[in-house]
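These notes concern the structure reproduced below.
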Amino acid sequence: MTYMQFHLAFTLPAVAAMIVWYLICFRTQVFDKGKFGALMRWPVIALLAHVVMAVLYTTPWDNYLVANGVWGYPAGKVIATIGHVPIEEYLFFVLQTVITGLFLLTLRFRFKELNAPKVAESRIFRPIVACVFVSVAALGLVLTNVSWGSYLGLILVWACPILAIQWGFGGDLILRRTKLWAVALSIPTIYFWLADRIAIGLNIWWISSEHTTGILLLGLPLEEAVFFLITNLMVVSGMLLVLEPESRARLREILKTPGFWWKATLVMWAISMVPTPLFPKLFPLFSYLSTALLAIGVFGAVKALIGNKAFVLAIVTIVFGVAIELLGTRTGVPFGNYTYSAPGPTIFGVPILVILGWWAFTIVAIAAAPDRGIRWLAPLFLVAWDLGLDPLMVHQGFWQFDPAGRYFGVPISNFMGWYVAGVILVSILLRIEPRLRCQGLKSLRIVFVTQGFLMVVGLIIFKLHAAALVGFVAITALTVLWTPLTQKIRLLRQST
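Numbering (our numbering), first residue to last: 247 to 742.
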């Protein structure tokens, strides 16, 4: 059996059946025939939008899998390929989305009652679920570091950021109709599991044993089971959100929220950090992209707090960053003797990547540090970051120290220099704008933790395990300085 014959036997008949079933249910449930077009238009638009997104989002990922031998197809089983992927595979993106989407749309006529679990109504439900998906994506990054976990890891890294956004936005809305959600997810998933098992058995496509765990569920590789479960979860969750009227009201409210755009930019920054360790050849591109997004997002946060004076702070920080780096590369003060070899644009020989980092990291350090002793504590947050950042950049060849230090090629003087330079810059910025101390920037604390977390994961993937441990300990220790528990203990001591 060829790949196209597989579609003729399994997916195309399922699509035809779903279309007929949906139209029958639609005509029997909608009694006002004059509203047929209006009532059908939005669900169909939602489904087509998901089809387009599925093709656009899956295409580069699937090409990467085939190019790296994670899965493939025997000769003569496919008609042609676009890139590394068969035409029939692109058709699968479309047909799977249509089958699952139409199944959900049809079930909506039957499962109309609201039966959300109480836990979904909690204010912390959505953030917690989003954090869980982000953590699973991070686990996926770690799995890509070992051959047997690469396929499973790539699935998790690719899908979980989308699920984090979906459930972080409207996890409570998705579970408003829990029975609908469960049935719409489970039945198509089981169907695709069976079809996939048959296809693998007929050698229509194969899954690499080198890049998988070797765990089989009734002959189906664990990774394939996870793939169809998680892709159908994305389709079902997305469709439920789009079709829920409150989703549109919530989106409009979010778009009107002060600071939405800089917060959205920081979300994009976090997402851009995820694939960085997966594509070593694209490390410079992702580094510039993520650093630029971080710098823009941080600037937006500062501008929302102090207005156009943010431009002054940014210019001062850029000038300081260029000056201190020029001093360092020419005299060795205060970081030690080092030279740059980072790709990309420079200003007087200093990579723009580094200059943007001075701005973004310093502002986040000020936001993360406690108010009391902020001039002396904020630079410690810079050093904590640098305990992981410098080993990584030296490992990637962005700069080198001469002589190389004992800490992954980085001398201790570098971290001392970071602290001294940090004290000077933080003092200057606070002198220009004391409002940087206020609570308006404290929301950037999550950036410090996120950057630290993703950096530690990246260090593990690049096999810099000791640097990952040191960075984790340093970031965790400083984070404790501003946890609510620590603050309560301080208040208790003051009262006694």
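Heads up, the beta-carbon is just placed ideally off N, CA and C, and yes, glycines get one too.
Predicted model, so just to flag it, every value in this text is computed and none were measured.
Just how far apart, CA to CA, sit residue i and residue j?
i, j, result
"Pro616", "Leu682", "12 angstroms"
"Asn660", "Gly603", "16 angstroms"
"Val340", "Val298", "8 angstroms"
"Gly505", "Ala624", "24 angstroms"
"Ser483", "Trp515", "23 angstroms"
"Pro526", "Asp636", "17 angstroms"
"Arg663", "Gly574", "According to the sequence shown, residue 663 is Gly rather than Arg. For Gly663 and Gly574, the distance between alpha carbons rounds to 9 angstroms."
"Gly704", "Ile270", "52 angstroms"
"Phe455", "Leu350", "In the sequence under discussion, the amino acid at residue 455 is Ser, which differs from the Phe named in the question. Between Ser455 and Leu350, the C-alpha separation is close to 34 angstroms."
"Ala611", "Ile411", "26 angstroms"
"Val472", "Ser536", "29 angstroms"
"Val695", "Val513", "13 angstroms"
"Pro373", "Leu559", "32 angstroms"
"Asn554", "Phe718", "36 angstroms"
"Ser432", "Ile461", "21 angstroms"
"Phe256", "Val290", "23 angstroms"
"Gly578", "Ile500", "48 angstroms"
"Phe438", "Ala445", "10 angstroms"
"Ala556", "Arg652", "39 angstroms"
"Thr458", "Ile552", "52 angstroms"
Select from the options the residue whose C-alpha is nearest the C-alpha of residue i.
i, options, result
"Gly818", "Phe371, Val610 and Val579", "Residue 818 lies beyond the range of the chain shown here (247 to 742); nothing can be said about it."
"Val388", "Ile401, Glu456 and Cys377", "Ile401"
"Ser381", "Lys688, Trp394, Ala405 and Pro680", "Ala405"
"Leu258", "Thr274, Gln342 and Ala538", "Gln342"
"Trp427", "Pro580, Leu479, Ala569 and Ala723", "Leu479"
"Val378", "Asn391, Leu671, Ile408 and Phe355", "Ile408"
"Glu367", "Arg422, Lys358 and Pro320", "Arg422"
"Thr352", "Phe718, Ile265, Ile325 and Ala495", "Ile265"
"Pro591", "Thr585, Leu599 and Tyr584", "Leu599"
"Asp442", "Leu466, Thr458, Val429 and Leu419", "Leu466"
"Glu490", "Ile325, Thr522, Asp418 and Leu572", "Asp418"
"Val693", "Ile542, Arg652 and Ser396", "Ile542"
"Tyr268", "Leu254, Thr327, Leu486 and Leu348", "Leu348"
"Thr248", "Val312, Tyr303, Ala262 and Ala321", "Ala321"
"Phe272", "Leu302, Leu497 and Arg354", "Arg354"
Spatial neighbours of residue i within its chain, please: CB distance less than 6 angstroms, with the 5 preceding and 5 following residues excluded, ordered by chain position.
i, result
"Gly567", "Ile601 and Trp604"
"Ile658", "none"
"Leu294", "none"
"Val629", "Phe661, Trp664 and Tyr665"
"Phe338", "none"
"Leu254", "none"
Spatial neighbours of residue i within its chain, please: C-beta separation below 7 angstroms, excluding the five flanking residues on both sides.
i, result
"Asp308", "Val331 and Glu335"
"Thr732", "Residue placement at Thr732 is flagged as unreliable, the pLDDT there being 49, under the threshold of 50; the coordinate-derived value follows with that caveat. The residues are Val726."
"Pro363", "Leu421 and Thr424"
Report all residues from its chain with a CB closer than 8 angstroms to the CB of residue i; omit the five preceding and five following residues, and keep chain order.
i, result
"Phe277", "In this prediction, Phe277 has a pLDDT of 47, which is less than 50 and means its spatial position is unreliable; nothing more can be read from the coordinates."
"Ser518", "Phe532, Leu535, Ser536 and Leu539"
"Met250", "Val324, Ile325 and Glu334"
"Ala712", "Phe654"
"Thr585", "Thr575, Trp645, Gln646 and Asp648"
Would you check whether the ligand ADP has a heavy atom nearer than 7 angstroms to the C-beta of residue i?
i, result
"Ala445", "The model on display carries no ligand, and the ligand ADP is accordingly not part of it."
Give a yes or no on whether the C-beta atoms belonging to residue i and residue j are separated by under 8 angstroms.
i, j, result
"Leu524", "Glu469", "no"
"Ala292", "Val520", "no"
"Pro580", "Ala588", "no"
"Phe708", "His641", "yes"
"Trp622", "Trp452", "no"
"Ala510", "Leu633", "no"
"Leu760", "Ala613", "Nothing can be reported for residue 760, as the shown portion of the chain is limited to 247 through 742."
"Leu572", "Phe594", "yes"
"Thr563", "Pro434", "no"
"Ile436", "Phe252", "no"
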